[in-house]
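All letters in the sequence shown, in the order written, are residues 5 to 267 by the working numbering.
C-beta: ideal position from N, C-alpha, C; glycine also.
Report on the structure given below.
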Amino acid sequence: LLDRGHGKITLTAAGERYAERAREILEAVDLATTEVQSDTSALSGTLRIAATLGFGRRWVGPALAAFQQAHPGVQVDLRLSERLPELAAEGYDGAVWLWSVQTRHAADWVTRRLARNQRVVVGAPAYLDAHGQPDSPDDLGRHACLSVLENEDTGRPATARTVWTLRHEREGSVHRVRVQGPLASNSGELVRDWCLAGHGLMLRSLWDVAPHLAAGRLVRVLPQHAMTDADIHWIAPWQPKTTSKPGCSSRSITAGTATAPGP
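Here is the structure:
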């Protein structure tokens, strides 16, 4: 292929033919790589997601709608429920979920905390003006407390099963308080409306009541205490296969019927 002579190296006739064929092969490889990258840069397929009812409607739904508009080839199927589905068996790519995962498949799932969240005790200024502020968790027993019955056994009266477990944020002490009141519902939004109307105190996630606290429509009661069981998690029914190389931060993730490049 090479002619070494007269102090220099030149291609022979066979070398010229070899080099030309090699250039054609490399150009074909570059073209194939470009085509594959073009195919995977446009997201497509169906994304089936589960989410808790209130949080899903308030936050996950708008986020997925914006995501779909940015990627028209993706179809979104969002199911809202207070019962975490058996993700793989029911065909879900994953779930955005509050609460701890309690299912026989939990050990096989992949979870990642997306954000910290906690439930806090709040009341309307009108209610607190009329009934006063509780000084300790035990004082909640003498107040009208509004109960959200989601994820609860509906076979017993609300007064028999409504216990608030509050943790002191600095000291770490835990108080279990049985509360009661004249109003209870399995709709968190309805209980929030009752609280805003001054009918009693409620225990509600910060993601839901933060705007009302900022606007002064609600006031946080016992501000050093909270129920810390409501962090927001991503749950997937399997570990996505990822590929990485030293010095390279990109990877491709395939989940269910949707294929997407990710950071």
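Exercise for the section: Report all residues from its chain with a CB closer than 7 Å to the CB of Gly186; omit the five preceding and five following residues, and keep chain order. Expected result: A small fix is needed here, since residue 186 is Pro in this sequence, not Gly. Hits under 7 Å: Ala148.
Exercise for the section: Go to Pro80, then tell me how far its beta strand (DSSP E) extends in each direction, as first and last residue. Expected result: The sequence given here places Val at residue 80; Pro does not occur at that position. Looking at the DSSP string, the run of the beta strand (DSSP E) that includes Val80 is 78-84.
Handout entry: Nearest-angstrom Cα separation, counted from Asp112 out to Leu153
Key = 29 Å
Problem - Inter-stretch contact (C-beta, 8 Å, three-pair minimum) for the segment 72-85 and the segment 121-129 - result: no
Problem - Nearest residue (CA-CA) to His203, options Leu47, Asp233, Ala134 - result: Ala134
Exercise for the section: Taking all protein chains shown into account, decide if Pro76 is buried (16 or more other Cβ within 10 angstroms of its Cβ) or exposed. Expected result: exposed
Handout entry: Nearest to Gly192 (by Cα), restricted to the options Arg25, Ser85, Thr38
Key = Ser85
Problem - Top-ranked residue by Cα proximity to Arg87, from Ala46, Asn190, Lys12 - result: Asn190
Handout entry: Reduced DSSP category for Thr50 - H, G, I as helix; E, B as strand; rest coil
Key = strand
Problem - Sequence-distant residues of its chain with Cβ nearer than 6 Å to Ser195 (five each side left out) - result: For the sequence presented, residue 195 should be read as Val rather than Ser. Cβ neighbours of Val195 beyond the five flanking positions: Leu150, Val152, Ser189, Met206.
Practice task
Indicate whether Asp212 and Arg120 have their beta-carbon atoms separated by less than 8 Å.
Solution key: no
Practice task
Could you check the C-alpha separation between Gln41 and His229 for me, to the nearest Å?
Solution key: 51 Å
Practice task
Using 10 angstroms around the beta-carbon of Thr14, count the other beta-carbons present and answer buried if the total reaches 16, otherwise exposed.
Solution key: exposed
Problem - Segment limits, beta strand (DSSP E) that includes Trp198 - result: Element bounds for Trp198: not the beta strand (DSSP E) but the alpha helix (DSSP H), 192-200.
Practice task
Decide yes or no for the touch test of the segment 21-32 against the segment 63-76: beta carbon pairs closer than 8 Å, at least 3 of them.
Solution key: no
Handout entry: Ala130 in three-state terms, based on DSSP
Key = helix
Handout entry: CA-to-CA distance, Leu47 to Ser256, given in whole angstroms
Key = Here Ser256 scores only 32 on pLDDT, less than 50, and its place in the model should not be relied on; the value that follows carries that caveat. Ser256 and Leu47: Cα-Cα distance of roughly 11 Å.
Handout entry: Trp238 vs Leu118 beta-carbon contact at 8 Å
Key = yes
Problem - Extent of the continuous alpha helix (DSSP H) to which Trp211 belongs - result: 210-219
Problem - Whether Thr232 touches Arg171 by CB criterion (8 Å) - result: yes
Problem - Helix, strand or coil at Val167 [DSSP, three-state] - result: strand
Problem - For Glu28 and Thr37, the rounded distance between their alpha carbons - result: 14 Å
Practice task
Buried or exposed for Ala55, please, with buried defined as at least 16 other CB atoms from any protein chain shown within 10 angstroms of its CB.
Solution key: buried
Practice task
Might you give, ordered along the chain, the residues of its own chain that have their beta carbon closer than 6 Å to the beta carbon of Val167, omitting 5 neighbours on each side?
Solution key: Arg180, Arg182
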